[in-house]
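A.B. asks: Before I ask anything, here is the structure I am working with.
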Amino acid sequence: MYTFDYLDIRPLHKDDINVAFDLEIEGYPEDEAATYDILNYRHTEAPELNRGCFHGDELIGFVSATRYHEDTLKDEAMNMHIPNGESVCIHSVCVKESRRRQGVATHMLKEFINYVKHEEKDAHRILLICKSKLIPLYTRAGFIFKCKSNVVHGKETWYELEVQLKSRENCEELTYNGY
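Structure, rendered in structure tokens:
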């Protein structure tokens, strides 16, 4: 069992993007990794949803997300940000190779979910897509399997997972009442 008192989860600063990009390249195959420009775009458009995990001053992991207006993650969501969109879409979860399999990703994700629940009050859900081998990681963090994704990104099949922040009934009621 690991403790994480020594880790600090906080927003990424502009100066952290270079290291985040290095972690992205280290963590994803070339045909799946976000480009520096995409990471920079996500950070510029939604800095509050790009959160780093620091051990002292060292960035050891990060979560990069944007907002989207639909209830499922589509290809277009990977490269856009819709302010106040009802879905928070996680695009990258990266941990430095030497810190993997120590619970850091699970810790980051739980902290991210908690942050979104308390600070992104108009968000209805958090969405992400992952490969089948990573489904257990994300379910441990609180995500629920939703479906096979239609997103084509790289060579493998992707699956969509979700954390529902507001009940569907409440969302329908809010829509019905004009809110």
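Under full-length UniProt numbering, the first residue of the sequence shown is numbered 1, with each subsequent residue one higher.
Note that beta-carbon positions come from the ideal geometry of N, C-alpha and C, so glycine has one too.
Helix, strand or coil for Val104, going by three-state DSSP, please let me know.
C.D. replies: In the structure shown, Val104 sits in a helix (DSSP, three-state: H, G or I).
A.B. asks: Using beta carbons (cut-off 9 Å, strictly below), is Asp75 in contact with chain D?
C.D. replies: Going by chain labels, chain D is absent from the structure shown, which holds only one protein chain.
A.B. asks: Beta-carbon within less than 7 Å of Glu160's beta-carbon, same chain only, minus the 5 sequence neighbours each way: which residues are those?
C.D. replies: Cβ neighbours of Glu160 beyond the five flanking positions: Thr72, Leu73, Leu127, Ile129, Lys146, Cys147 and Ser149.
A.B. asks: Within the continuous beta strand (DSSP E) that includes Pro11, where are the two ends?
C.D. replies: That run of the beta strand (DSSP E) goes Leu7 to Pro11.
A.B. asks: Going by DSSP in three states, Asn50 sits in which element: helix, strand or coil?
C.D. replies: Asn50 falls in the strand class under three-state DSSP.
A.B. asks: Cutting at 7 Å between CB atoms, please list the residues of its own chain near Pro83, excluding the five before and the five after it.
C.D. replies: Closer than 7 Å at Cβ, skipping near neighbours: Arg67.
A.B. asks: Roughly how many whole angstroms lie between the Cα atoms of Ala33 and Phe112?
C.D. replies: Distance between the alpha carbons of Ala33 and Phe112 is about 21 Å.
A.B. asks: Identify whether Thr66 lies in helix, strand or coil by the three-state DSSP scheme.
C.D. replies: Three-state DSSP puts Thr66 in a strand.
A.B. asks: On the DSSP letters alone, give me the boundaries of the beta strand (DSSP E) that Leu39 sits inside.
C.D. replies: That residue, Leu39, is in no beta strand (DSSP E); its alpha helix (DSSP H) goes Tyr36 to Glu45.
A.B. asks: With three or more beta-carbon pairs closer than 8 Å as the criterion, would you say the stretch 95-115 touches the stretch 31-47?
C.D. replies: No, they do not touch.
A.B. asks: So what does Phe145 bridge to, in DSSP terms?
C.D. replies: Leu161.
A.B. asks: In chain order, what residues of the same chain lie with their CB nearer than 7 Å to the CB of residue 212, ignoring the 5 residues before and after it?
C.D. replies: An answer regarding residue 212 cannot be provided, because it is not within the stretch 1 to 179 covered by the chain.
A.B. asks: If contacts are defined as beta-carbon pairs under 8 Å, then Leu59 and Asp16 qualify, I think. What distance do you get, rounded to the angstrom?
C.D. replies: Between Asp16 and Leu59 the Cβ distance is about 5 Å, and since that is below 8 Å, they are a contact.
A.B. asks: Among residues of its own chain, excluding the 5 on either side of Gln164, which ones have a beta-carbon nearer than 6 Å to its beta-carbon?
C.D. replies: So the qualifying residues of the chain are Arg125.
A.B. asks: According to the Cβ coordinates, are Lys131 and Glu162 closer than 9 Å?
C.D. replies: Not closer than 9 Å, so no.
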